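Chains as they are written, first to last, in the working numbering: chain A, 1 to 65; chain B, 66 to 130; chain C, 131 to 512; chain D, 513 to 894; chain E, 895 to 1075; chain F, 1076 to 1256; chain G, 1257 to 1523; chain H, 1524 to 1790.
Where is the CB? At the ideal position from N, CA and C, for every residue including glycine.
From a predicted model like this one, the values you see are computed outputs, not experimental measurements.
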Amino acid sequence: MTKKKKMKPNIKREWCKGCGICVEFCPEDALIMDEMEKAVLAYPDKCTGCMLCELRCPDLAIELV
Amino acid sequence: MTKKKKMKPNIKREWCKGCGICVEFCPEDALIMDEMEKAVLAYPDKCTGCMLCELRCPDLAIELV
Amino acid sequence: MKDNVVFVQGNEAIVEAALYAGLNFFAGYPITPSTEIAELLSLRLPQKGGKFIQMEDELSSMCAIIGASLTGKKSMTATSGPGFSLKQEAIGFAVMTETPSVIVNVQRGGPSTGLPTSGSQGDVMQAKWGTHGEHAIITMTASNNQDAFAVTVDAFNLSETFRTPVILLFDEVVAHTRERLVIPKPDEIKVIQRLKTSVKEGTDYHPYLPREDGRLPMSDFGGVHRYNVTGLAHDMWGFPTTDSTTVYNLMHHLVDKIQGHTKEIARTKEYYLDDAECLLISYGSSARTALHVTEDRRLRGEKIGLLELQTLWPFPAEEVKKKCLNASCVIVVEMNMGQILHEVKKAIDDPEKVFLANQINGSFIKPSDVLNIIRIIQGRGA
Amino acid sequence: MKDNVVFVQGNEAIVEAALYAGLNFFAGYPITPSTEIAELLSLRLPQKGGKFIQMEDELSSMCAIIGASLTGKKSMTATSGPGFSLKQEAIGFAVMTETPSVIVNVQRGGPSTGLPTSGSQGDVMQAKWGTHGEHAIITMTASNNQDAFAVTVDAFNLSETFRTPVILLFDEVVAHTRERLVIPKPDEIKVIQRLKTSVKEGTDYHPYLPREDGRLPMSDFGGVHRYNVTGLAHDMWGFPTTDSTTVYNLMHHLVDKIQGHTKEIARTKEYYLDDAECLLISYGSSARTALHVTEDRRLRGEKIGLLELQTLWPFPAEEVKKKCLNASCVIVVEMNMGQILHEVKKAIDDPEKVFLANQINGSFIKPSDVLNIIRIIQGRGA
Amino acid sequence: MEKCRIIFSGSGGQGIITSAIILAEAATLHESLNAVQSQAYGPEARGGSSRSDVIISDKEIRYPKVIEPNILVCLTQAAYNEFASLIRPGGILLTDKFFVKHEKKVDARLVELDMHREVLKEIGRPIVFNICMLGAFIAITKLVKESSIMKVLEKRIPHGFLDMNKNALELGITMAPDLEL
Amino acid sequence: MEKCRIIFSGSGGQGIITSAIILAEAATLHESLNAVQSQAYGPEARGGSSRSDVIISDKEIRYPKVIEPNILVCLTQAAYNEFASLIRPGGILLTDKFFVKHEKKVDARLVELDMHREVLKEIGRPIVFNICMLGAFIAITKLVKESSIMKVLEKRIPHGFLDMNKNALELGITMAPDLEL
Amino acid sequence: MAVKDYIREKFFPHIWCPGCGHGIIMGGLIRAIETLQKEKNDIVIVSGIGCSSRICGYLDFHTLHTIHGRALAFATGVKLSRPELTVIAPMGDGDAFAIGGNHLIHAARRNIDITAIIMNNNIYGMTGGQYSPSTGYGEFATTAPYSNIDHPFDFVNLAIGAGASFVARTTTYHVTSMIKIIEKAIMHHGFSVVEIMSQCPTYFGRKNKFASAVEMLKYYRDHTTPIGSKDKKNNPDLIERGIFIEKEMPEYCDEYDKIIKMASKGE
Amino acid sequence: MAVKDYIREKFFPHIWCPGCGHGIIMGGLIRAIETLQKEKNDIVIVSGIGCSSRICGYLDFHTLHTIHGRALAFATGVKLSRPELTVIAPMGDGDAFAIGGNHLIHAARRNIDITAIIMNNNIYGMTGGQYSPSTGYGEFATTAPYSNIDHPFDFVNLAIGAGASFVARTTTYHVTSMIKIIEKAIMHHGFSVVEIMSQCPTYFGRKNKFASAVEMLKYYRDHTTPIGSKDKKNNPDLIERGIFIEKEMPEYCDEYDKIIKMASKGE
Ligand SMILES: Cc1ncc(C[n+]2csc(CCOP(=O)(O)OP(=O)(O)O)c2C)c(N)n1
Ligand SMILES: Cc1ncc(C[n+]2csc(CCOP(=O)(O)OP(=O)(O)O)c2C)c(N)n1
Ligand code: SF4
Ligand code: SF4
Ligand code: SF4
Ligand code: SF4
Ligand code: SF4
Ligand code: SF4
Ligand SMILES: [Mg+2]
Ligand SMILES: [Mg+2]
């Protein structure tokens, strides 16, 4: 966990299975599910880079970059 | 354990394997090992009928009668 | 639609049959592709007052059904490949103690974890030789729901008759294919109940003394006869012995009671055998492919027939020999590298006319897999 | 007395041989009549920096030696009947993952607990078929200390050469009989070391891609190649697959690498075969009895010979066929109900000339048990 | 009647297997037909495309798997890509417009229906998509009667959901074109 | 040399098996002979009579068990009762006077020695009874030399106990009658 | 009834070595059953394989001498199919906790009404003295010639950790309390585990410098103490004996009966 | 290094269902290893069979995907023969505590330096939802259609009872502390057990009325509490998480090295 603070989640759509975990538990409500049932960072400004979405994604589909 | 107090150990020689447990732990030293390495009630008068020899005999060779 | 006609998987047919035969106790551990048997029985057994238990592993499941059987209950376990390997030590105990019990092995691709969801018939020889020490065992199989039902009832009957574990060796394709099953009326198939001893309380009961007809009446654990059951070589009371005559008799009894009744135990089905020049021999799901080929070729006028084996062990060698006599070629159709093939070769006088049509790549054996062999034998190339 | 001549039990000869062959890791669980192997190794292995562990049961012992073998260590376990049954699932894993390993089964009377302290050869078929799923395996045996030593070294060599578990199927009589053993000088018997991959770090290593000569170089766990080992059907990298071509090739590879090298693997010994009209075939301790009879009868001028098998699986069918050609009768001498008998019958063209001389009552097979059969065959009655 | 070999394919959640079972059970128990049904099991079935085979015939069915389907139903693009090539020349290929784009040359009669969207529009519950498909299927193939399917649904489906399923089935039936068979 | 088949029998604690091994090892390693030794294992061995077989020969020994012993040693009455009948007519039967009463008709040369009592008297430690017996045995049978036995003892026996064993061995040797063999 | 009414006399004297503790345990078990006045026909003894398990041959009940380590799995089948029977499983330490450890913790977890009696001699007796999961660190065995490096289980802790509802420990020296404990264990409605420290003079004793069975009994006398005694505080190495856990929990067969009721209603 | 440097990317997306907790655990394990800066070549992952065990295929270490329940037995062979390697055994609850329970308690007893990670989803996922030894009393499973009557193990208690020197519990919700705990478990010199509560929405969730993986994570959040928290006193039903035991004990491979020293002297 050498990541820096300012990083934002990058979501690999092909790996995302749409479980909604990242969306539900993002402390800042920065993520939403789109109509294809994939997570997207809808509100990048809200994101604090807390990494929780990356750590909780069961599909390793999120990486903060 | 419906045995009465006054009973004394009867030692079945064919079953006794001569381990010496009854002799060693008789609280009254009423038993001895004979020259054939079998236990015998040498001092019947000392015996209080406590049953410990019967209960501890690994060979079920002692019965208080 | 009649009430007793259902549309089910093979695994469900086995469950229905076991209940029909009086199954009262099941212990198991889940494993693909046999799991549905446990799942369904967890629902159905308590409805009839029977007991279902999921044990901590397969070996303990086998042990538990032996324990239950000794109290007089008809008992069964079900598993697949890896679990079947794990049960072997306890299966040997059932053999040695002559405890009726039914073991279902729904074969999958092996060895090891292999192909858990593919059909295979790789455990045929293991069914006979899986446990250590010389012994004999009964093993049955079937190719469709209706037959799976019948042989399952049979397995219980044979198990009780011969006081022996019986192995039901199905495969993934039979277990998972859904099709019609007509559940027989009560009494339509004979159900054999355990032969209980008629020896009176207080009289010496010999749990291991065969009657003149070879049968050994049982006394339930918890009943009035207190006897000993052991996996050691034992005498007619069930007590350990190393006396060589007693041991000799026991060993022969264990094998003879089964090998000596091969005719009685053997179940086969025949299709178009009368004038068959090309004889297919098959069993389990492979027999469906073989029958498909047979009917297909018959339509084209070829003299082809199918002998379907439902009893694998004791191997019905005489029956096979007789049936092969007039065939010019015999093709064993199976999903392994020729386990029954070798038995067929051993059984007949001209083993060079026996060929193998098989498949071991994890997919179900296709008609073309058999046709290719026929073509090659006929000299028409691959 | 020379330093390298000792007077020991068969079990000790096996231990000496295993150490000679480079044994580095042993895991086991005590069981009569194999226990001395574990006991002696608990003393001897740490002296050489090797590891001994008594596991919680036989299956875990088998698992542990597979784990150790994958790190590059020559590994062995030892057991008897019931324990051999328990190991079967893991033996299948070693087959599937092509992990070198040596499994000693000192046979005792079976089935089940049977006769723990009696000699028997009841596990011959189990050695081949004990685990589920189609597969092949190497099984060796011997009849005296010197040969037990040699085949044990051989077992390690074959295990490394073919990347396969090898079963050493001894019996109580060989294991417990004390007699002379001459321990060969270092290098007197060739010891084959594991073939390590020459693939460089960072380059793609294929743990399951056979070289042209059929061998599969290994890379130790903990080394520079990170690969996957699984009991599932797998590709050349060791990853699970259900691709039918890959599966087909894997299954054939597993069987062919052994069946296809039967000649190379087969070890037999011949006594008085040149002009033998009556041919005895035997193995393990029974071969001692057979040889006794052979020499005894030769003294009386009878044309009798002995073919002793040291490789049971793959069965040296061609060799047996050749040797039986000129014999007018063949007698298989074994302590079971004819497990090798059937292989011999299968191997030759005139199976009706093959007879069985056996013993299953728990006592060691006697010369008279064989002589009786000879007499009967000669029409002189029992 | 000719033996009819059918493959239903799609993704795990689409109810492929259920509809295959309903069809085969209806044929077996409520018409004088034979049917066998089977499916691919295992991790593959969990991740990728799921497939269920049905064979319907008035004779005994021996070989239980479908090799060259007369009728193939594909409800995802992945399933279409994987299975379309299996179809027997001249067979029927039924797909859903929303999920599948026809990209291959297939020697079959194509029936493309907008079932997914219609179900959402008319019924609002995607869960009965498979029943709608089944409606279309029986209307096209005429293999079993609607009433037979309904009998199976009545047995299998909790009472509260029966109407919804019936509607879906009928929706499918009305959507089906009339093919010359 | 004729093949010599020997059975040592007695009860568990008498060191029967040890003496059999010593004899066989001496013959194998210190004389130009072959020997095999084996014994009955198991619970039976624990409870009842214990038995160990030795065969000594100048040729290879194939069959490793003793069927008709040329020489039988019985050190308990139970062992005598069980094994005496096995002896080969004309063989030698060696027993200890204290433990065994001859009750059967045995077609063999009987050698009855008072080894147990002598050991107690001369050495005072019953533990070397088996070595005394071995001394008598080799003196009677002349199968192996005393020095060979001693070499084995030197290797096997803790230094402090060696003298005692040597004495016992020699005691046995002196007790042995000279039989015509 | 007398002790001899509970045994199969024809097999006596038994096979165990002189001074073997297993015989004392057998005696204790018989006397507990005698006190409880159980019917002989209602008792099933299920053992595994080991010196300990040979107890089956000697007791005049329904006796089931099974395979090594699996006694409780067989016993589970017997009990669940005939809950009215009293099922007792005497096992060796290797039997119960080496190869059979899993069955023990699972039987404990299920709380099925079986009494497990662990005849713990800290060694594999039957096979000739190899170390067992209760051989102490630093002790000797034929497979621990340099001394044992395995840490032994504390069977009491393990049984408690597995959820057993009755757990006790006693020794062959403390015969009278042993009998009481066995009685309570049998009466307990649920799974009960009684560990009985039992001397094996032949192997454990010999390897670990005990001159005789008598010395081993003295060791039990001097190195154990009742649960919670003052002595334990002064000398923490003392091994506690007594009943550690005795609690009520739903019993497995009872629970299954409820399932049967639910299921038959459903039909 | 980044997460992707520790995985075998070509097999992604992985086989686990949407929302399956096992993926979160895999992520946690990778991050713990990343923090510890272990060399990839020094790590061996040994798993059994189950959804959980499929983790082997995805991690770019030496990976050994064995047979159901026996991961720790294989791992023992690996570790004892090459003690310098870091050996981690991720297992399912069925794998580790049903069929594999015995190997776990024995590895704990020996205190061999292996890290056991129990991916506990309270169900047999791979075979389709049968009850496991951690399915709760009263919960549902495909083999418990009338509700489960088995009492579940408390894995923490059991591991402690078996003598484990490091025992911890956490959940897939508590990712950051999960990572910390895994780090400590790997660093612990001895046997370590980490139970991680992991959602199986497909089987456990569906059978037990959880609408989704999200709901299951909420459950972990709301029904667990750090060890010794006040909440626990008020609500004893809360499940505790954290490190229960962390103690120094002689490690098995170290002990064996001593045996080798003793033995080689003797030669
Ligand atoms: C599957 C199996 N493994 C091993 C054995 C060999 N064996 C018989 S008894 C026993 C252990 C005996 O020890 P324990 O259970 O402590 O009983 P004890 O003899 O000490 O009373 C062993 C390893 C066996 N019979 N079966
Ligand atoms: C010997 C054996 N028995 C049974 C199985 C079938 N099986 C595979 S995984 C599994 C249980 C999986 O449950 P768990 O260990 O909890 O892992 P999960 O899938 O829940 O992650 C079973 C019973 C097997 N493969 N091998
Ligand atoms: S990094 Fe934190 S704040 Fe940003 S999206 Fe992820 S969970 Fe939300
Ligand atoms: S947690 Fe991962 S898989 Fe789940 S919705 Fe978010 S990105 Fe997709
Ligand atoms: S305790 Fe029993 S066996 Fe031991 S000496 Fe006394 S009577 Fe004999
Ligand atoms: S009953 Fe008591 S006092 Fe009498 S001999 Fe026995 S132990 Fe001694
Ligand atoms: S070996 Fe030990 S446990 Fe076995 S009978 Fe003898 S003293 Fe008892
Ligand atoms: S079945 Fe359960 S455990 Fe298995 S992958 Fe799906 S959610 Fe995960
Ligand atoms: Mg013990
Ligand atoms: Mg699980």
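Interface flag for Thr1650/H against chain C is set, since a Cβ pair is found closer than 8 Å.
The three-state secondary structure of Val130/B, taken from DSSP, is coil. Contact between the segment 1454–1471 of chain G and the segment 1509–1518 of chain G is absent: fewer than three C-beta pairs spanning the two stretches fall below 8 Å. Residue burial is scored here from C-beta neighbours: Leu721/D has fewer than 16 other C-beta atoms within 10 angstroms and is therefore classed as exposed.
Excluding sequence positions up to five before and after Leu1603/H, its CB lies within less than 8 Å of the CB of Ile1635, Tyr1775, Cys1776 and Tyr1779, all in the same chain and listed in chain order. Counting along the chain, Lys399/C sits inside the beta strand (DSSP E) bounded by residues Thr398 to Tyr401.
In the displayed model, His364/C falls within a strand according to three-state DSSP. Here Ala1687/H carries a coil assignment [DSSP, helix/strand/coil].
Gln1112/F: member of the beta strand (DSSP E) spanning Asn1109 to Gln1114, first to last residue. Note that the segment 783–800 of chain D touches the segment 655–666 of chain D; at least 3 beta-carbon pairs, one per stretch, sit closer than 8 Å.
Here Thr544/D carries a coil assignment [DSSP, helix/strand/coil]. If you look at Thr922/E, you'll find it in the alpha helix (DSSP H) that goes Ile910 to His924. For Lys103/B, the three-state secondary structure derived from DSSP is coil. One alpha carbon belongs to Gly202/C, the other to Phe292/C, and they sit about 15 Å apart.
Not a single C-beta of chain G is nearer than 8 Å to the C-beta of Ser231/C.
Relative to ligand 1, even the nearest heavy atom lies 7 Å or more away from the CB of Glu601/D. It is roughly 17 Å from the alpha-carbon of Ile388/C to the alpha-carbon of Leu439/C. Taking 8 Å as the CB threshold, His1629/H lines the interface with chain D. Interface residue (Cβ-Cβ distance to chain E less than 8 Å): Arg428/C is not classified as such.
Per the coordinates, the alpha-carbon of Val254/C lies some 12 Å from the alpha-carbon of Ser412/C. Taken from the Cβ of Ile1379/G, at least one heavy atom of ligand 9 lies inside 7 Å.
Against chain C, the beta carbon of Ala1331/G has neighbours under 8 Å at Gly197, listed in chain order.
Bridge partners of Lys181/C according to DSSP: Phe155/C. In the displayed model, Lys834/D falls within a helix according to three-state DSSP.
In this structure, the alpha-carbon of His472/C lies about 20 Å from that of Lys399/C.
One Cα belongs to Ala918/E, the other to Ile965/E, and the distance between them is close to 14 Å. For the pair Met1382/G and Pro542/D, the Cα-to-Cα distance works out to about 10 Å.
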